[in-house]
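Everything below concerns the one structure shown next.
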Amino acid sequence: MSVIDHGRRLIRVETTHIATLVPVRSVLVCLALVVVIIGAGLFATTIGAYEISFDAVIRAIVDPASDPDVRQVVTEWRLPRVLFAVLCGAALALAGGIFQSLTRNPLGSPDIIGFGVGAQFGVTLTMLVLGLNTYLFKAAGALVGGLLTALLVAVLANRHTMSSFRLIIVGIGVSAGLGSLTSWILISVSVEQAMMAATWGAGSLASLGFDQLLPAATAFVVFALLARPLRRSLPVLEMGDDAAMALGVRPGRTRLVAMVVGVALVALVTAAAGPISFIALAAPQIAQRLTRSNTPMGLAPVMLTGAALVVVSDAVAQLLAVPVGVVTLSVGGIYLTCLLAAQFVRRT
Numbered sequence: 001m002s003v004i005d006h007g008r009r010l011i012r013v014e015t016t017h018i019a020t021l022v023p024v025r026s027v028l029v030c031l032a033l034v035v036v037i038i039g040a041g042l043f044a045t046t047i048g049a050y051e052i053s054f055d056a057v058i059r060a061i062v063d064p065a066s067d068p069d070v071r072q073v074v075t076e077w078r079l080p081r082v083l084f085a086v087l088c089g090a091a092l093a094l095a096g097g098i099f100q101s102l103t104r105n106p107l108g109s110p111d112i113i114g115f116g117v118g119a120q121f122g123v124t125l126t127m128l129v130l131g132l133n134t135y136l137f138k139a140a141g142a143l144v145g146g147l148l149t150a151l152l153v154a155v156l157a158n159r160h161t162m163s164s165f166r167l168i169i170v171g172i173g174v175s176a177g178l179g180s181l182t183s184w185i186l187i188s189v190s191v192e193q194a195m196m197a198a199t200w201g202a203g204s205l206a207s208l209g210f211d212q213l214l215p216a217a218t219a220f221v222v223f224a225l226l227a228r229p230l231r232r233s234l235p236v237l238e239m240g241d242d243a244a245m246a247l248g249v250r251p252g253r254t255r256l257v258a259m260v261v262g263v264a265l266v267a268l269v270t271a272a273a274g275p276i277s278f279i280a281l282a283a284p285q286i287a288q289r290l291t292r293s294n295t296p297m298g299l300a301p302v303m304l305t306g307a308a309l310v311v312v313s314d315a316v317a318q319l320l321a322v323p324v325g326v327v328t329l330s331v332g333g334i335y336l337t338c339l340l341a342a343q344f345v346r347r348t
């Protein structure tokens with residue numbers, strides 16, 4: 001391992017299987033984000049009706065002989081929620097990076113294009129119409145809903161060539177239509193069912209345990225491995241189809257794989273915690289600015305940024321006694337307004 005300076009400091013990592021250059025700034029950013037995640041996660045485990053100090057939390061995690069009551073609260077109730085926040089943030093951020101790179105637009109996230117709303121609509125149908133309320137059925141409903149929405153948006157936006165602007169505009173329209181259908185379903189069922197769906201629809205990490213975490217983590221690892229080759233192919237695709245084909249990238253297959261993986265990541269989170277808005281929109285752009293990268297597809301910084309945003313947002317949500325989706329929606333709305341204003345100023 002050695003440090004090389006090519007205008008910016010790089011670490012050369014070379015083994016028998018891999019050889020790569022890693023920017024020093026990206027490593028420092030990732031380390032800082034890990035510290036934020038650990039600090040916010042430990043703070044989140046101290047919050048609740050049963051107050052626990054930092055020292056007691058750490059002892060409960062590392063010492064099997066610690067107070068059994070405190071250990072049960074920390075390891076069985078609160079720690080899974082923190083781990084789920086990390087998982088959801090990483091999955092949403094990775095999905096956002098995929099779609100923003102695919103559309104070559106910072107607004108090209110599942111929240112804006114409508115894929116997240118499609119996944120939410122699929123879960124709503126599964127829960128309220130089909131009466132299937134287990135995690136696997138909700139995950140299947142979210143995946144089918146998201147993929148069908150992606151197909152519909154792609155078909156409607158495709159006129160000889162698919163521009164990112166047309167894709168976003170069509171996605172906003174499809175999202176509005178699906179939102180109306182979701183509202184119609186909610187007012188057509190009983191009050192108890194509507195309240196259950198509304199609570200889920202606010203986006204909450206409460207009541208999630210290891211039973212849901214283990215299958216979700218397994219699925220996330222699979223999708224993250226599938227997304228790894230996209231880290232190289234999507235930035236090439238941003239240069240245009242002709243340039244991509246000249247460099248050995250197949251545009252059609254790359255777009256299809258990226259679309260399926262991105263929607264699957266959104267479905268994974270939506271099925272477990274409900275829609276957690278704007279993480280997919282904000283995390284890739286924040287990571288790109290922190291690392292000074294030219295693409296939102298830096299996997300480790302993007303996923304750690306998303307994880308940090310959700311962990312911090314969930315800690316704030318617990319302090320305010322509201323679902324985490326309310327916090328991310330409030331902060332994300334401000335971020336979206338600033339992003340739109342910045343793009344307007346840049347164009348004028």
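First residue of the sequence shown? That's 1 in the UniProt record's numbering, and the numbers climb one at a time after it.
Note that CB positions come from ideal geometry on N, CA and C, so glycine has one too.
Quantities reported herein were computed from a predicted structural model and do not represent experimental measurements.
Endpoints, the alpha helix (DSSP H) within which residue i is located
| i | result |
| --- | --- |
| M195 | 191-201 |
| A244 | 241-246 |
| R232 | 230-237 |
| residue 350 | The first residue shown for the chain is 1 and the last is 348, placing residue 350 beyond what the model contains. |
| M303 | 299-320 |
| I58 | 54-62 |
| L102 | 79-103 |
| V222 | 210-227 |
Neighbourhood of residue i by C-beta distance below 8 Å, restricted to the same chain and skipping five residues each side
| i | result |
| --- | --- |
| G298 | S26, G97, R231, A287, Q288, T291 |
| L42 | F54, V57, I58 |
| T45 | I52, V57, V74, R78, L79, V82 |
| T103 | I113, S164, L167, I168 |
| R9 | V3, P23, V24, R25 |
DSSP state of residue i mapped onto helix, strand, coil
| i | result |
| --- | --- |
| R292 | coil |
| L167 | helix |
| S109 | coil |
| G274 | coil |
| Y335 | helix |
| D67 | coil |
| residue 352 | Residue 352 lies beyond the range of the chain shown here (1 to 348); nothing can be said about it. |
| L329 | helix |
| G116 | helix |
| V249 | coil |
| G131 | coil |
| P323 | coil |
| E51 | coil |
| Q188 | The sequence as given places Ser at residue 188; Gln does not occur at that position. If DSSP states are grouped into helix, strand and coil, S188 belongs with the helices. |
| S204 | coil |
| A341 | helix |
Cβ neighbours of residue i in the same chain (closer than 7 Å, five flanking residues each side left out)
| i | result |
| --- | --- |
| L128 | I185, V189, Q193, A197 |
| L329 | S277, F278 |
| P323 | A202, G203, S204, A317 |
| L237 | A244, V249, P251, T254 |
| residue 375 | As shown, the chain starts at 1 and ends at 348. That puts residue 375 outside it, with no answer to give. |
| M303 | A90, A93, L94 |
| L152 | V174 |
| T218 | none |
| A157 | R166, L167, V170 |
| A139 | A267, L268, A271 |
| Q212 | Y135, A272 |
Cutoff 6 Å; reference residue i; Cβ partners in own chain excluding five residues on either side
| i | result |
| --- | --- |
| F121 | G145, L178, T182 |
| L247 | V236 |
| F210 | P80 |
| S66 | R59, A60 |
| A150 | F115, M259, V263 |
| P215 | none |
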